[in-house]
Structure formats: C-alpha cells, structure tokens
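Chemist:
4 protein chains.
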Amino acid sequence: MNNRLRVAVIGAGYWGPNLARNFRSSRDWELAAIVDLDRARAEKVADSVGGASVLTDIDDALNDAGIDAVAIATPARTHHPLVMRALRAGKHVVVEKPLADSSEHAREMVDEAQRRGLVLMTDHTYCYTPAVQKIRELVADGSLGDILFIDSTRINLGLVQPDVDVFWDLAPHDLSIIDFVLPGGLAPRSVAAYGADPIGAGKSCVGYLMMPLANGGMAHVHVNWMSPTKIRQMVVGGTRRTLVWDDLNPQQRVSVYDRGVDLLRQTGFATDRREATVSYRLGDTWSPALAEREPLGAMVEEFAGAITERRAARTDGYAGLRVLDVLESASRSLAETGAFAAARIPVTA
Amino acid sequence: MNNRLRVAVIGAGYWGPNLARNFRSSRDWELAAIVDLDRARAEKVADSVGGASVLTDIDDALNDAGIDAVAIATPARTHHPLVMRALRAGKHVVVEKPLADSSEHAREMVDEAQRRGLVLMTDHTYCYTPAVQKIRELVADGSLGDILFIDSTRINLGLVQPDVDVFWDLAPHDLSIIDFVLPGGLAPRSVAAYGADPIGAGKSCVGYLMMPLANGGMAHVHVNWMSPTKIRQMVVGGTRRTLVWDDLNPQQRVSVYDRGVDLLRQTGFATDRREATVSYRLGDTWSPALAEREPLGAMVEEFAGAITERRAARTDGYAGLRVLDVLESASRSLAETGAFAAARIPVTA
Amino acid sequence: MNNRLRVAVIGAGYWGPNLARNFRSSRDWELAAIVDLDRARAEKVADSVGGASVLTDIDDALNDAGIDAVAIATPARTHHPLVMRALRAGKHVVVEKPLADSSEHAREMVDEAQRRGLVLMTDHTYCYTPAVQKIRELVADGSLGDILFIDSTRINLGLVQPDVDVFWDLAPHDLSIIDFVLPGGLAPRSVAAYGADPIGAGKSCVGYLMMPLANGGMAHVHVNWMSPTKIRQMVVGGTRRTLVWDDLNPQQRVSVYDRGVDLLRQTGFATDRREATVSYRLGDTWSPALAEREPLGAMVEEFAGAITERRAARTDGYAGLRVLDVLESASRSLAETGAFAAARIPVTA
Amino acid sequence: MNNRLRVAVIGAGYWGPNLARNFRSSRDWELAAIVDLDRARAEKVADSVGGASVLTDIDDALNDAGIDAVAIATPARTHHPLVMRALRAGKHVVVEKPLADSSEHAREMVDEAQRRGLVLMTDHTYCYTPAVQKIRELVADGSLGDILFIDSTRINLGLVQPDVDVFWDLAPHDLSIIDFVLPGGLAPRSVAAYGADPIGAGKSCVGYLMMPLANGGMAHVHVNWMSPTKIRQMVVGGTRRTLVWDDLNPQQRVSVYDRGVDLLRQTGFATDRREATVSYRLGDTWSPALAEREPLGAMVEEFAGAITERRAARTDGYAGLRVLDVLESASRSLAETGAFAAARIPVTA
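Chains as they are written, first to last, in this note's numbering: chain P, 66 to 414; chain S, 66 to 414; chain E, 66 to 414; chain B, 66 to 414.
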C-alpha cells in the first residue's frame with residue numbers, strides 16, 4: 066500500500082466517477098480525494114466507490130505533499146488554469162479530453178510540464194480499448210507494413226450539440242486513435258474539411274476531413290449526426306496487410322487481411338508498361354482474440370507507469386495538442402469554404 | 066413486328082453482345098444489324114443471339130432508311146465522330162458510357178441531337194437496376210423529402226487501370242446514379258477531389274469527391290482500389306426519411322428509415338435556445354420488394370419509349386455530359402493539389 | 066402515494082436487487098421491505114435503491130396487512146414452500162423463473178392461487194422486452210396469420226453448468242417466449258429432445274427440441290453451449306407473413322417479411338396437379354421501431370395491472386407451469402434415448 | 066492428346082451441358098460424344114461446347130472401345146439400368162446425384178463396379194467447391210481435432226416440389242458434404258426425422274434430421290422451404306477448433322475459431338467437482354483464402370485421377386449409397402411419426 070501513488074480526482078460531474086472508480090480498483094493507485102466545489106456531489110462519488118476523502122478547495126489537494134497526481138474532469142475551458150496550477154504545484158496531471166480549449170493553451174501546458182519534468186497525459190480513453198491497443202501493436206511490429214491510407218467512419222443519428230459542430234463532437238475520437246496508432250503520431254501535411262448543414266442548424270452536421278500524409282498516403286474521417294444507420298469503422302491500409310476495425314461487431318472487431326495491391330518496383334531497367342507490375346495478393350484473413358478489459362483501467366495503469374518510469378505517457382500532452390491542432394485547422398479550412406488549410410502541426414518532443 | 070423499331074449495334078467487342086442480346090429479346094426492337102470492322106467478330110455476336118445481319122461498313126447502316134437507331138459500343142475516343150455521323154444521318158443514338166472522351170465533345174453531340182430533334186441517350190446501365198429505379202421513384206414521389214446529403218462508397222481490391230485513375234474508373238457509376246435520382250440531376254455548386262497514390266502507381270488509387278449541393282447539402286463519393294473488403298453502399302438523406310442502398314445485400318438492398326434529425330423552425334418569435342428545437346424521429350424501417358429484371362432490358366425499353374414518345378430519355382445526353390463535367394472538374398481539382406475547383410455544370414435542356 | 070400497491074422483495078441475492086430497483090422506480094408500487102436471512106445483504110440492497118425497510122423474518126412481511134404482494138427471488142427449490150406460505154397469507158406473488166423445481170409443485174402453487182383468487186405471476190423477464198412484446202402484438206392482431214412454424218436458436222460458448230444441462234439452462238428463455246407469443250400458449254402435441262455430450266461433461270451440451278403443434282406446424286429449439294459464434298434468432302412463420310427476430314442486431318431486431326409460400330386451396334373441383342396451386346409472395350420487408358424500455362419495469366407494471374384489474378398476468382403461473390412441463394417432457398424424452406415423449410400439457414384456466 | 070481419357074456424356078437435359086463443358090475444357094479428358102434420344106437436343110449441346118460427336122443410341126457409345134468412361138445425366142429412375150449396362154460394357158461411370166432411385170439399386174451398382182474393378186463415382190458437385198475442399202482438408206489434417214457436432218442449415222423460400230419432400234430436395238447437399246468431410250464418412254448410429262407440413266402441401270416443407278454420431282456427437286440438418294431469409298450455414302465443432310462455413314458470405318465463407326469448451330479430464334484421482342474441470346479457449350479466428358475454381362472442373366479431374374490411379378473416387382458410389390441410406394431412414398422415421406429409425410448404413414469398401 067505504501068508504494069502506491071496517490072491521486073486526487075478534480076471534478077465530480079459526468080466523467081469524474083469513472084475515473085474515481087478506476088483509480089480505486091487499481092493496484093497502482095490510492096484514491097486520495099475527490100474534489101468538487103459542490104460537497105454533496107463529491108460525497109456522492111466518494112460513497113459510490115466505497116469511500117474517499119472529500120475536498121471542496123483544490124488548493125487543499127495541491128498543497129498536500131502526499132498527493133502525487135491529479136486527474137482533471139472539469140469543463141474544457143477550465144483545463145488550462147487548473148492544469149497550470151497543478152503543474153506549478155509539482156503534480157503529475159491527467160486531463161479529460163479535450164486537453165484544452167485551444168491549441169495555444171494546450172501548448173503552454175505541454176511546455177510547462179516539459180519544463181518541470183512532470184507527466185502530462187491526455188485521457189484519450191478510446192486508445193486504451195483492447196482493439197486499439199492491438200492495432201497499435203500490429204502497426205508497430207510491422208505486421209501491416211508502411212501505412213498507406215486510413216479511412217475512418219463514425220456516423221449515427223446524433224443529438225445536434227449546442228456548442229460544437231460534428232467535427233468537434235465526434236472527430237476527436239478518430240483523430241486520437243489515428244494519432245495513437247501511427248508511428249509518428251498524427252502529422253498530416255495539411256488538413257481540409259468539408260461540412261454540410263442541410264437542416265439549418267447553424268453548424269456542420271455532416272463532415273469530411275482530408276489529411277494527406279507525408280508518404281503520399283491519406284487519412285480520411287467521415288463524421289455524421291444524420292445517418293440512420295450506425296457505423297464505426299476504420300480501415301488501415303498498409304504495404305503488407307490491411308486491417309479493418311468494426312467496433313460494432315463484437316464477434317470480430319479487428320480483421321487483418323493479407324490482401325492488397327502490390328506494385329512491383331522495377332530496378333534493373335525502365336519500363337513503359339508500369340501497370341504490368343501491379344499485382345494482387347489474396348491471402349488469409351486473421352482476427353486476433355482481444356483481451357476483455359475496461360479501457361479506463363488500462364489508462365490509469367499507463368498514467369502510473371509513465372510517472373514511475375519517468376517517461377512520456379502513450380497519450381501524452383503532445384497527443385492532445387496534435388488532435389486540437391487538427392481540429393483548429395479543420396475549423397479554419399471550413400471557414401474558408403473548404404479551402405485547403407495548412408496545419409501547423411507541433412513536433413513531438 | 067411491323068411496329069418495331071429497328072436498331073443496328075455498332076461494335077462487337079465487350080459490351081456489344083449484351084446490347085445485341087437485349088435488343089433481340091425486346092418486344093420494342095428488331096435487331097437489324099451487327100456492325101464491326103472485323104466481320105468474324107460481328108458474325109460471332111450475330112450467331113450468339115440467334116442470327117442477325119452483319120455489316121462491316123457503318124455507312125451501310127447509316128444509309129439504310131429502314132434503320133431507326135444505332136447503339137454505339139466502341140472505344141470512348143470514337144464516340145464523338147461516330148455519334149455525330151449517326152445523328153447527321155438522322156438516327157437516334159444510344160452510347161455506351163462514357164458519352165464521349167471530353168465534355169467539349171459531349172456538348173457538341175448533345176447540341177447536334179437537340180438541333181435535329183433526335184434522341185441521344187447515354188447507357189448508364191446501373192440506373193436501370195431495380196434498386197436505382199426504386200430510389201429515383203422514392204425521391205420523386207416525395208417519400209424522402211428534400212435531399213440533404215448523399216454519401217456513396219464503392220471500394221474493393223481493384224486492378225490499377227493503365228489509362229485512368231480511380232475516379233474515372235469507378236466514380237462514373239456513383240455520379241450517374243446520383244444524377245439519375247436527384248430531381249434536378251447532378252448539379253453541384255463546386256467539386257473538390259482528393260486522391261492518394263500511396264503505392265506510387267502514378268495516379269490516384271484512393272479518391273474522395275466532395276460536391277456541395279445547392280441547398281446546403283453535400284454529395285460525397287469514396288472510391289478505392291485498395292480496400293480488402295468490398296463495399297458498395299449509398300446513403301441518401303432526406304428531410305422526411307433516409308434511404309440506404311447496400312448493393313451487396315441481396316436480401317435487403319434498399320432500406321428506408323423513417324428516422325432522422327428534425328429542426329423545428331421557429332416562426333412566431335425569436336429564440337436563443339436553437340438547439341432545443343432539434344429532435345429525433347425513430348420510426349419504422351421499410352425495405353421495398355424489388356422487381357427482378359435485367360437492367361439492360363429496361364434500358365433498351367426506355368430508349369424505345371423516348372423515341373416513340375418524342376421525349377428525352379431518362380439518361381439522356383445531358384446526363385452523360387453532367388457526369389463528364391464533374392469528372393473533368395475533379396481532375397482539375399486534383400491537379401491543383403486538392404484545391405476547390407468550380408464546376409462548369411451544364412443546364413439540362 | 067396512497068393508491069400504490071406495497072410489495073416486499075424476498076431474497077437479496079442476484080436477482081433481488083433488480084426487482085427492488087424496478088419496484089422502487091415504478092409509479093404503481095411502493096417498495097415496503099427487503100427480506101433476507103442475511104441482514105447485511107438486505108441492507109446493501111436497500112441502500113442501493115435509496116433506502117427501504119429491512120426484514121430478516123419472512124413472517125414479518127406475510128403478517129403485515131399493509132403489504133399486498135411479495136416478489137420471490139430465492140433459489141428454485143425454495144419457491145414452492147415460500148409461495149405456498151405467501152398465498153396462504155393472502156399475498157399476490159411474482160416468482161423468479163423457474164416457477165418451481167417440478168411441475169408437480171408448480172401445479173399445487175397454481176391451484177392454490179386459483180382457489181384464493183390471488184395473482185400468481187412468473188417473472189419471464191424476456192417476454193417484457195420491446196421485441197417480444199411487439200411479436201406478441203403482431204401475432205395477436207393477425208399480422209402474421211396462423212402460425213405455421215417457429216424455429217429458435219440460442220447458441221454460444223457457454224459455461225457448462227454444474228446442476229443443469231443445456232436444455233434447462235437455455236431453453237426456458239425460448240419456451241417462455243414461444244408460450245407468450247402463441248395465442249393459446251405453448252401446447253405442443255408432443256415433445257422430443259435430442260442431446261449430445263461430445264466432451265463427456267455428463268450432460269447434454271448441444272440440444273434440439275422438436276415440438277409438433279396442433280395445426281400441423283412445428284416449433285423447434287436449438288440450444289448449444291459449444292458454438293464459437295453467438296446466435297439468438299427466432300423465426301415465426303405465419304400464413305400471412307413471416308417474422309425474424311435477431312436479438313443481436315440492435316439496428317433491426319424484428320423484421321416482418323411479406324413473403325411466403327401460398328397453397329391455393331382448390332374448392333370447386335379435384336385436381337391431380339396439387340403442386341400447381343403453390344405460389345410465392347415476394348413482398349416488402351418491414352422493421353417496426355421498438356420502444357426503449359427496461360423489461361423488468363414493464364414486468365412490475367403488468368404485475369400491478371393484474372392485481373388491480375383482477376385478471377391473470379400475461380405470464381401467469383400457468384405459463385411457468387407449461388414451460389416446466391415441456392422441460393420435464395424433454396428430460397423424459399432424452400432419458401429414453403431420444404424417443405418421443407407425450408407431453409402432459411396443462412390447460413390454461 | 067493421345068493420353069487423354071475419352072468420355073461420353075449421356076443425357077443432354079439440364080445437367081448434361083455443364084458436364085460436357087467441363088470435360089471439354091479439362092486437360093485430362095477428350096469429349097468423345099453427346100448421347101441423347103433427341104438428336105436436336107444433343108446437337109445443341111455439342112454446338113454450345115464447340116462441337117462434339119452426337120449419338121442417339123447409347124449402345125453406340127458403350128460398344129465403342131475407344132470410350133473409357135460415361136457420365137450419366139438422365140432422370141434418377143434411369144440411373145440403375147444405364148449404369149449397370151455401362152459397367153457391364155467395361156466403362157467407368159460418373160452419375161449425377163442421386164446415385165439411384167433406391168439404396169437397393171445403388172447397392173447393386175456399387176457391387177457391380179467393385180466386382181469389375183471399375184470406378185463408380187457420384188457427382189456430389191458441392192463437395193468440389195473450394196470451401197468444402199478446405200473443410201475436408203482441415204478435418205483430415207487434424208486442425209479441428211475430433212469432430213464433436215455438425216449443425217447444417219439450408220433454408221430459403223423454395224418451390225414446393227411435386228415429387229419429393231424438403232428432405233429429398235435439399236438435404237442431399239448437406240448429407241453429401243457431411244459424408245465428404247467426416248473421416249469415416251456419414252455413418253450415424255441412427256437417424257430421426259421430424260417434418261412439418263403446415264400449409265397442407267401433402268409433404269414435409271420444414272424438416273429436421275437428427276443423426277447421433279458414434280463418438281457421442283451429433284449431426285443435425287435443418288432444411289426449410291418456407292423461410293423468408295436465406296441461410297446456408299454449417300458449423301463443424303471439433304475438440305481443437307470449430308469451423309463455421311457461411312456460403313452466403315463471399316468475403317469470408319470459412320472461419321476457423323480457436324475457441325471452444327475444454328473438459329480437462331482427470332486422470333490421477335476422482336473428483337466430485339467435475340464442472341471445475343471445464344474451461345474456455347478464446348483464441349484467434351482465421352479465415353483461409355479460397356481458390357477460385359469451378360467445382361465441376363475439380364470433379365472431372367478427380368474422376369480422371371481415380372481411373373488412372375486405380376483408386377476410389379473421393380465421392381465414390383459408396384458415398385452416394387450412404388446418402389441414399391440416410392434419406393431412406395429419414396423417410397421411415399417420418400412415416401413412424403418421428404420415431405427413431407435405425408439406419409442401415411453400409412460400410413465403405
């Protein structure tokens with residue numbers, strides 16, 4: 066028990082209870098406190114996880130030398146001030162997505178953590194699902210070869226959100242996942258967004274994101290609040306194999322196809338008949354068994370690992386920043402009526 | 066027998082035999098001749114349909130006053146000269162797609178037919194499938210309401226074509242269908258194309274087409290030669306209902322969902338809570354039974370109908386021209402590295 | 066509040082908390098007490114639903130004149146004595162399935178309730194799902210016509226149970242549903258069971274139930290603990306339409322096919338060519354929207370309705386008895402190496 | 066060309082042209098003649114395959130010493146006399162299924178071929194599809210382990226046949242496949258059949274076949290003319306892996322699941338907690354790429370191989386006989402109102 070890290074969860078709203086429950090059941094963590102301005106709300110969360118200290122003043126947590134880390138689950142606009150305070154108090158921080166309300170704020174947070182040698186992690190929960198973990202692994206170990214294209218679809222009937230368009234509502238999931246599985250993270254050469262608002266909602270309800278990749282490949286995201294059928298599918302095409310992730314097929318979420326188009330590159334002599342060198346592979350399909358594990362459990366474990374091993378978390382602050390940067394580029398592209406907007410993509414430290 | 070129209074099929078290659086067979090089995094048509102420079106090839110087609118006259122000189126058909134119409138199934142680059150000769154000889158003409166090798170040529174053909182009061186039809190075969198006929202009918206009778214968005218996906222492992230990219234190879238199907246089902250035809254405000262050539266084939270192997278529609282809606286086409294899974298799906302979202310066409314599900318190709326997002330427009334007074342006026346419909350799904358009929362049979366019937374009723378064919382020359390115009394706009398957009406290209410869309414006569 | 070019925074939940078194990086929660090949130094019920102020999106366990110349940118009286122002696126509930134009904138959620142072997150005591154104390158009773166540990170016991174319970182004019186209800190929860198409610202409605206209103214055959218499949222990798230075979234583990238779901246949707250309830254002319262124990266578990270792990278129906282039709286149930294793929298599907302074939310319920314397809318659970326085989330019955334004269342009078346219908350498919358509602362909520366509402374309207378519950382004691390009778394017939398059939406066992410089916414009161 | 070075997074196809078009706086075409090395009094065979102009482106019909110078939118001798122008297126083929134083999138594609142009732150004549154004339158014979166109109170006749174044919182050392186083959190075409198070839202291979206090489214159960218479903222809206230019930234119409238496919246993939250062939254300990262005739266067609270329109278296997282396992286076949294949805298699926302459960310063949314999913318026809326229920330057999334000491342020794346495997350799924358090949362092409366190649374290598378064909382006369390024997394047992398079982406009928410299964414030579 067002595068060796069456990071101690072964490073305070075800041076914010077007892079929608080996401081806070083999930084964080085509290087997972088910290089509580091982790092072998093790496095001791096849940097030190099639940100912090101909320103509303104004591105009753107904090108107490109309810111504490112009760113639901115079998116008891117925990119309750120605080121209404123965040124400074125009581127930040128000034129407590131026995132607390133190693135804080136988990137921020139407050140509204141997005143408060144992330145920047147709270148995280149800056151926590152970092153300055155020497156705490157490691159994990160933040161519910163989005164990392165901040167602007168990439169400028171996010172960059173300050175990332176810089177501050179870097180300067181102080183503290184872990185700043187973005188809670189991109191989806192990245193800790195067994196399916197996405199497996200996809201990252203298959204990309205990393207070369208099973209897919211070089212990544213040629215990624216096509217992600219996330220469509221459904223969705224409530225039109227009051228404050229954000231369909232890109233900001235749904236695409237963060239796709240973008241954080243693409244960032245997680247690509248070896249160099251999400252670093253498109255540019256970002257173009259096309260949106261449609263056919264019902265006059267005052268914002269995009271149907272959206273397409275085009276992100277040319279460095280190697281000539283393409284990442285594409287389709288998000289849609291107006292589809293009568295629900296689709297959550299991502300295709301990751303590689304030089305060796307192609308992977309399809311169908312999140313709505315619990316019996317076969319991840320399929321790896323040993324199929325593809327090969328371009329046999331001529332080395333000895335020139336040829337006019339380039340097309341003659343293209344061929345198919347029609348090999349087996351393979352669907353790996355996936356572990357059953359709650360993603361947030363894996364997330365808090367990774368947070369502990371990053372702290373104790375003094376390394377960046379897998380979904381660190383830079384990951385959160387890259388996602389914000391693409392979303393802001395998409396908004397600029399959209400504002401220019403779909404014109405191509407050059408993304409100012411940060412480089413991972 | 067006397068009242069039947071008489072047709073000559075020009076070209077005995079890949080598509081000619083299919084045309085000949087369908088003209089032969091139609092009650093509207095008499096198959097007057099098969100024309101090909103290669104007599105043996107023409108004779109083989111004539112035999113396969115139970116006998117027909119064989120000609121090697123197209124002028125023998127064009128000068129035959131007993132022949133009402135010709136069906137052109139020759140390479141695309143020959144369409145313009147052959148169609149112009151046939152129209153000038155007073156023949157009605159149906160042309161295998163693409164209508165011509167350029168929109169400029171297509172426009173001349175359309176104008177010539179218009180001037181002479183002759184039927185010029187594009188053989189957009191897919192439009193005559195029972196599924197697409199039903200979709201057109203449901204749009205036309207108001208079952209879907211106003212069209213808000215169309216999303217079409219046509220992906221598979223496909224042979225990299227020597228002479229065309231993935232847009233010109235696959236998108237004509239999607240574009241001709243969208244043109245067919247939209248009340249005013251395919252008339253995007255603009256066209257943007259994004260392509261990827263991740264294998265170094267020298268042309269786009271993965272392609273996305275963005276086509277904002279006049280009413281604020283969007284048509285989007287995804288074509289892909291590199292997908293290990295085959296998808297042929299079109300979603301047509303309307304104000305009243307949304308339709309999904311899954312061409313690979315023979316048991317339920319067309320589904321009509323009485324589901325959607327409604328925006329209740331305020332008329333009496335202003336409101337700050339715009340989002341409060343958005344609501345869902347979650348009604349029944351309905352899948353119409355589709356007739357079983359060979360599309361080409363319906364196509365030749367439509368050709369006869371247009372001629373005898375002195376009206377434009379459903380897939381007339383303008384339809385072929387609109388499709389060519391979008392494809393050319395896409396190529397220009399692509400050449401400008403994905404920049405937005407204004408389409409010069411012709412107006413239907 | 067005064068008009069609410071008052072209920073005590075007996076048993077605070079696996080199912081009791083679900084019952085308690087649903088009685089608590091119902092407008093028809095007041096949750097009067099949680100009863101369990103283990104006070105701590107009862108208190109935990111009471112806390113989880115926001116507080117309720119806790120009793121450790123069932124007689125305290127049965128002797129309380131202010132309590133109208135009890136819900137029994139104790140092990141099956143205790144159902145008979147507890148229910149008999151409750152009925153003799155004048156309480157209405159709902160019992161977790163199976164109604165009893167034998168049809169003989171079940172019959173005594175049914176007779177006792179009948180004699181005293183009390184409601185005895187079996188908690189066949191599945192019957193209160195929106196899908197099954199809809200199926201019952203479509204059968205009852207004649208949409209399907211007369212029922213010709215029912216084929217139910219419920220297969221998956223399942224834990225081999227220590228005390229029951231695959232029939233007693235899984236088939237009660239199918240049988241209670243078939244009983245619920247058939248107008249006259251589950252009344253097969255006979256029951257034949259075939260089981261296989263290919264892994265030497267000492268009991269059937271794969272099972273088939275054949276139940277010829279009175280009208281020449283057939284009900285068939287396939288249950289299987291050893292299938293690598295999960296299937297939960299029921300086909301209900303009728304003279305007018307056929308319904309398919311696929312419980313693992315949340316986007317289209319219930320489909321009604323206006324397709325079938327018709328036998329045109331000759332009335333005026335004899336014919337040798339009987340087959341000539343068979344024809345197809347290939348009409349539309351229709352998938353009704355289903356309400357979203359927790360089944361147990363609908364179950365406790367039905368329990369209240371039966372009491373206040375002084376009528377039998379939809380899943381009354383006879384329903385529980387009929388299911389037990391078929392299961393016992395199946396066991397006898399199995400014991401005779403698959404020989405046909407005549408079912409002794411009780412008649413609904 | 067000299068080394069090719071020479072074959073005559075007897076019967077120019079429905080199946081004869083398919084046989085003729087495949088013999089014609091085979092490297093192993095020379096198509097010597099088409100035989101039919103109706104010369105015009107025979108000539109039409111000969112033309113359709115690019116020409117072949119036409120005979121109207123079968124004796125002209127049987128007396129021709131240059132003809133090695135005959136392929137019989139005539140009505141089932143004529144198989145016995147024609148095959149017996151062909152065998153007595155020293156010809157190898159392949160027969161369209163069913164092998165004969167009774168198992169008694171089939172047995173005579175098998176015995177005659179055996180006595181004369183000639184190949185007698187049943188054209189169980191389905192066994193030569195790439196999917197079934199792969200299943201046989203995976204069973205034979207031990208990939209699935211011992212076979213525990215087989216569950217086959219073949220249902221659809223089907224025309225009620227004038228002369229046969231649903232068992233004789235559809236089950237021969239399932240039975241010939243099961244016979245082909247099981248190492249010892251189809252040798253059930255017994256056969257029980259249950260049929261339903263809910264529309265008064267005078268014969269079973271819905272049918273179930275139960276076939277307990279020697280090792281405690283079970284084969285089950287469900288055939289149905291009245292299903293609005295088409296299903297063609299076979300599950301083959303083994304001790305090591307389980308295979309699912311979904312013939313209507315061209316993208317993944319065969320899936321091999323490394324999942325199952327294991328019973329850890331205790332060897333050292335007795336145990337009361339038998340259930341504790343049951344466990345799951347939840348491993349990967351694998352879908353082998355299947356060759357694309359016309360089944361009849363593989364069938365005529367096997368026929369040639371059996372003749373030249375002087376061995377039994379994979380689907381020999383005994384296979385045809387075993388299928389007939391099960392069908393006759395099913396009919397007897399059905400006649401006894403579903404009572405268990407002992408199958409008289411022949412032993413393979």
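Note that the Cβ used here is the ideal one computed from N, Cα and C, for glycine as well. Computed from a predicted model, the values in this text were never measured in an experiment.
Straight-line CA distance for P/G348 to P/T307?
Modeler: C-alpha separation (whole angstroms): 11 Å.
Chemist: Note down, in chain order, every chain S residue with its Cβ under 7 Å from the Cβ of B/T294.
Modeler: Within chain S, the residues near B/T294 are Q316.
Chemist: Work out the CA separation of P/E161 and E/N87 for me, nearest whole Å.
Modeler: Each residue's Cα considered, the two are about 33 Å apart.
Chemist: Looking at the secondary structure, which residues open and close the beta strand (DSSP E) in which P/A261 lies?
Modeler: Counting along the chain, the beta strand (DSSP E) containing P/A261 begins and ends at A257 to A261.
Chemist: What's the gap between the Cα of B/H144 and the Cα of B/W80?
Modeler: Their Cα atoms are separated by approximately 14 Å.
Chemist: In three-state DSSP terms, what is S/R289?
Modeler: According to the sequence shown, residue 289 of chain S is Asn rather than Arg. Note: S/N289 maps to strand in three-state DSSP.
Chemist: If I follow the unbroken alpha helix (DSSP H) through P/E177, where does it start and stop?
Modeler: P/E177 -> alpha helix (DSSP H) spans S168 to R181.
Chemist: Identify the residues that DSSP records as bridge partners of E/I200: which are they?
Modeler: Paired residue(s): none; E/I200 is not in a bridge.
Chemist: Which runs of the beta strand (DSSP E), 3 residues or longer, sit entirely within the stretch 109-174 of chain B?
Modeler: Correct list: 118-120, 134-137 and 157-161.
Chemist: List the whole-angstrom C-beta distance separating B/R104 from B/V119, where the pair is believed to meet the contact cut-off of C-beta under 8 Å.
Modeler: Rounded, the Cβ-Cβ distance is 6 Å, consistent with contact.
Chemist: Within its chain, find whatever has a CB closer than 8 Å to the CB of E/T332; leave out the 5 residues flanking it on each side and keep chain order.
Modeler: Confidence is the limiting factor: at E/T332 the pLDDT is only 40, short of 50, which leaves the residue's position unreliable, though a coordinate-based value still follows. Within the same chain, E/T332 has no close Cβ partners at all.
Chemist: If you follow the alpha helix (DSSP H) that S/L213 is part of, which residue opens it and which one closes it?
Modeler: Premise fails: S/L213 lies in the beta strand (DSSP E), I212 to L222, not in any alpha helix (DSSP H).
Chemist: Could you tell me which of P/G267, P/S320, P/Y191 and P/V246 sits nearest to P/E359, measuring between CA atoms?
Modeler: Nearest C-alpha to P/E359: P/Y191.
Chemist: Out of E/L313, E/D122 and E/L183, which has the shortest C-alpha to C-alpha gap to E/L152?
Modeler: Checked all of E/L313, E/D122 and E/L183; the closest Cα to E/L152 is E/L183.
Chemist: In the structure shown, what three-state DSSP assignment does B/L347 receive?
Modeler: Of the three classes helix, strand and coil, the one that applies to B/L347 here is strand, per DSSP.
Chemist: Whose C-alpha, out of E/K109, E/I123 and E/V246, is nearest the C-alpha of E/D117?
Modeler: The displayed chain sequence assigns Ala, not Asp, to residue 117 of chain E. Of the listed residues, the one whose Cα sits closest to E/A117 is E/K109.
Chemist: Chain E partners of B/W290, CB-CB under 9 Å?
Modeler: Under the 9 Å cutoff, chain E gives V326.
Chemist: With the cut-off set at 8 Å, would you say B/L274 and B/V256 are in Cβ contact?
Modeler: Contact flag set, yes.
Chemist: What residues of chain B sit near E/G302, judged by a beta carbon separation below 9 Å?
Modeler: Per Cβ cutoff of 9 Å: P263, V271, N289, M291, S292 and P293.
Chemist: Can you list, in chain order, the residues of its chain with a C-beta nearer than 8 Å to that of S/L224? Leave out the 5 residues immediately preceding and following it.
Modeler: Correct list, in chain order: W290.
Chemist: Beta-carbon within less than 6 Å of B/T194's beta-carbon, same chain only, minus the 5 sequence neighbours each way: which residues are those?
Modeler: P360.
Chemist: So, for S/G210: in the same chain, excluding its five sequence neighbours on each side, which residues have a beta-carbon less than 6 Å away from its beta-carbon?
Modeler: Cβ within range, chain order: G303, T304 and R305.
Chemist: So S/H285 contacts chain P; which residues on that side make the cut at Cβ distance below 7 Å?
Modeler: Here the neighbours are Y273.
Chemist: Cβ of B/P353 less than 8 Å from any chain P Cβ?
Modeler: Chain P contact via Cβ: present.
Chemist: So, does the CB of P/T307 fall closer than 8 Å to a CB anywhere in chain S?
Modeler: At least one chain S Cβ lies under 8 Å of P/T307.
Chemist: So what does P/L274 bridge to, in DSSP terms?
Modeler: DSSP lists P/A258 and P/V286 as partners of P/L274.
Chemist: Which first and last residues belong to the beta strand (DSSP E) in which E/A187 is found?
Modeler: In the sequence under discussion, the amino acid at residue 187 of chain E is Thr, which differs from the Ala named in the question. Residues L185 to D188.
Chemist: Is B/D262 closer than 8 Å to E/G281 when the C-beta atoms are compared?
Modeler: Taking 8 Å as the Cβ cut-off, E/G281 and B/D262 qualify as a contacting pair.
Chemist: Go ahead and label S/L313 buried or exposed: buried means 16 or more other beta carbons lie within 10 angstroms of its beta carbon, across all protein chains shown.
Modeler: Classification of S/L313: exposed, given that the 10 Å Cβ count is below 16.
Chemist: Would P/T350 pass as an interface residue toward chain B - the criterion being a Cβ-Cβ separation below 8 Å?
Modeler: Yes, P/T350 lies at the interface with chain B (some Cβ there is under 8 Å from its Cβ).
Chemist: Under 8 Å, do B/G272 and B/F232 count as touching if we go by C-beta distance?
Modeler: Yes, the Cβ-Cβ distance between B/G272 and B/F232 is below 8 Å.
Chemist: Is DSSP giving E/L84 helix, strand or coil here?
Modeler: Looking at E/L84 - three-state DSSP - the assignment turns out to be helix.
Chemist: Name, please, each residue of chain E whose Cβ falls closer than 8 Å to the Cβ of S/L347.
Modeler: Within chain E, the residues near S/L347 are A354.
Chemist: Using three-state DSSP, classify S/T419 as helix, strand or coil.
Modeler: Outside the displayed range of chain S (66 to 414) lies residue 419 of chain S, so it cannot be described from this structure.
Chemist: Counting along the chain, where does the alpha helix (DSSP H) carrying E/R71 start and finish?
Modeler: Here E/R71 belongs to no alpha helix (DSSP H); instead the beta strand (DSSP E) covers L70 to I75.
Chemist: By a C-beta neighbour count over all protein chains shown, 10 Å radius and 16 as the cutoff for buried, is B/P277 buried or exposed?
Modeler: Result: buried.
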